[in-house]
Amino acid sequence: MKTFRVYAAALVAAIAMSGCGGGGGGSSQQAAEPAKPAADARNGTYKVYASSGARFDLELNFDQKTYAFTGSNNGDPDASGSFSEVASEPGSYVFQSSRITTATNTARFRISSDTVVGAFPFGLMHKTPTINAIRPFLATRALIRTQASLDGIYNRFGIGLNSQTDDTSQITQIRISNGGTKLEVCMHNVIYPIAICPTIGAYTVTADSAPGSWEITDANGSSAGSFGVAALADGKVYLAAGRASSASADAVFRIGVSDKATWQLGAGHGSATNGSWGAISITSQTASARTGIATDGSTVQATNTLYPMTVPDPITSATLPGVQGMRSVPANNAGYFAMQGAGLFAIVGANNVAQGTNGYLQLNLMDCPPRRLQPAHAHGGRWR
Numbered sequence: 002m003k004t005f006r007v008y009a010a011a012l013v014a015a016i017a018m019s020g021c022g023g024g025g026g027g028s029s030q031q032a033a034e035p036a037k038p039a040a041d042a043r044n045g046t047y048k049v050y051a052s053s054g055a056r057f058d059l060e061l062n063f064d065q066k067t068y069a070f071t072g073s074n075n076g077d078p079d080a081s082g083s084f085s086e087v088a089s090e091p092g093s094y095v096f097q098s099s100r101i102t103t104a105t106n107t108a109r110f111r112i113s114s115d116t117v118v119g120a121f122p123f124g125l126m127h128k129t130p131t132i133n134a135i136r137p138f139l140a141t142r143a144l145i146r147t148q149a150s151l152d153g154i155y156n157r158f159g160i161g162l163n164s165q166t167d168d169t170s171q172i173t174q175i176r177i178s179n180g181g182t183k184l185e186v187c188m189h190n191v192i193y194p195i196a197i198c199p200t201i202g203a204y205t206v207t208a209d210s211a212p213g214s215w216e217i218t219d220a221n222g223s224s225a226g227s228f229g230v231a232a233l234a235d236g237k238v239y240l241a242a243g244r245a246s247s248a249s250a251d252a253v254f255r256i257g258v259s260d261k262a263t264w265q266l267g268a269g270h271g272s273a274t275n276g277s278w279g280a281i282s283i284t285s286q287t288a289s290a291r292t293g294i295a296t297d298g299s300t301v302q303a304t305n306t307l308y309p310m311t312v313p314d315p316i317t318s319a320t321l322p323g324v325q326g327m328r329s330v331p332a333n334n335a336g337y338f339a340m341q342g343a344g345l346f347a348i349v350g351a352n353n354v355a356q357g358t359n360g361y362l363q364l365n366l367m368d369c370p371p372r373r374l375q376p377a378h379a380h381g382g383r384w385r
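Per our numbering, the very first residue in the sequence shown carries number 2; after that it's consecutive.
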């Protein structure tokens with residue numbers, strides 16, 4: 002597994018979870034007989050999209066400190082156990098699992114309202130034989146069920162988990178329009194804003210069999226997969242995970258956030274596909290830092306200078322502003338891209354096998370994301 006290391010010092014202290022609101026159980030009401038304490042508001046079922054290329058249901062019980070991943074759409078066996086709060090990092094919780102064989106258990110998670118961001122030792126079902134590896138995931142119980150509310154422009158990162166070749170990265174911008182019925186993807190090898198992209202793939206979107214799931218079909222009427230969109234903070238998150246086709250073990254993971262030129266500053270926490278867990282800080286529109294721990298117990302430190310995206314005009318080749326909500330992260334000739342929005346911060350490696358950046362993904366939840374501008378349109382729901 003490849004490691005993203007650009008060494009440096011620095012870490013902005015994590016913002017206390019108490020300042021973010023949400024979570025926690027209710028208090029007993031005054032009565033002659035003591036009332037039963039209310040269940041923790043965070044208890045319940047969340048739909049998981051994992052960077053192992055699979056979807057699950059995740060049942061969390063904060064009163065009992067138990068979890069259960071069930072119903073993988075990619076053959077990954079169910080997994081359950083207990084979790085506990087990380088003493089040195091309030092607001093972070095660590096999964097206990099017999100699948101953990103590394104020196105340090107970096108299978109952890111954070112929660113904000115209806116969203117969980119973390120990592121777990123999922124089965125990589127595209128490998129032969131199957132191996133378990135700590136991989137990032139996002140879980141939500143705020144999937145949007147109203148089709149017109151899907152509309153928007155999303156900056157989207159993805160990885161392809163390939164059984165016969167190296168894993169791949171995808172960096173693009175997409176647009177959902179026409180009341181949620183049309184999906185357009187910039188297919189050009191240059192990362193153009195969708196509005197000026199010379200090569201666009203267009204798809205039709207219809208309701209899937211389960212609430213909150215949306216089916217994509219191409220111009221020939223053939224299925225091109227499914228996706229969900231979740232409300233988070235002041236934006237929306239595009240999510241997809243699963244096998245590219247039933248005939249192959251190859252799988253994909255996609256995550257996108259509402260395009261927004263100005264980034265939220267502050268601290269966050271999350272995981273990467275190399276298994277590391279860390280705290281990130283975004284100190285300006287052009288700088289970020291991460292300090293964390295690898296699965297072997299070593300310290301991982303990184304500092305990034307973030308550069309605005311530019312593109313050549315498709316007609317004149319003049320330099321134009323690129324995707325406003327993305328930044329490029331060149332480092333020692335190895336390229337990465339970053340995006341921030343809807344309370345998330347993510348980095349993906351360029352699709353470059355020679356530099357070893359292909360297939361790398363880091364996903365973080367900001368500690369205090371902006372207030373949600375719209376309520377969640379759905380909670381729970383059964384997925385195929």
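Using N, Cα and C, we set each Cβ at its ideal position, and we do this for glycine too.
Counting C-beta pairs closer than 8 Å gives fewer than three between the segment 136 to 146 and the segment 307 to 320, which falls short of the contact rule. Per DSSP, T103 lies in no beta strand (DSSP E) segment and is marked neither H nor E. When the beta-carbon positions are compared, R136 and T358 stay at least 8 Å from each other. In the structure shown, A196 falls within a helical segment according to DSSP collapsed to helix, strand and coil.
G293 has G279, V301 as its beta-bridge partners, per DSSP. Counting only runs of 4+ residues, no alpha helix (DSSP H) is found wholly inside the segment 171 to 245. Here the segment 200 to 219 lies against the segment 145 to 152, with 3 or more beta-carbon pairs under 8 Å apart. As a beta-bridge residue in DSSP terms, R111 pairs with V118. Residue state for S285 is assigned as strand, using DSSP reduced to three classes. With respect to the 8 Å criterion, S93 and P370 are not classified as neighbours on the basis of their beta carbons. Leaving aside the five residues that flank L362 on each side, the residues in its chain whose CB is nearer than 6 Å to its CB run, in chain order, S52, I160, T274, V349.
Put simply, of W278, G229, P322 the residue whose alpha carbon is nearest the alpha carbon of D152 is G229. For S98, the three-state secondary structure derived from DSSP is coil. With 16 or more other Cβ atoms from the protein chains shown falling within 10 Å of its own Cβ, M340 counts as buried. Boundaries of the beta strand (DSSP E) around E60: 55 to 62.
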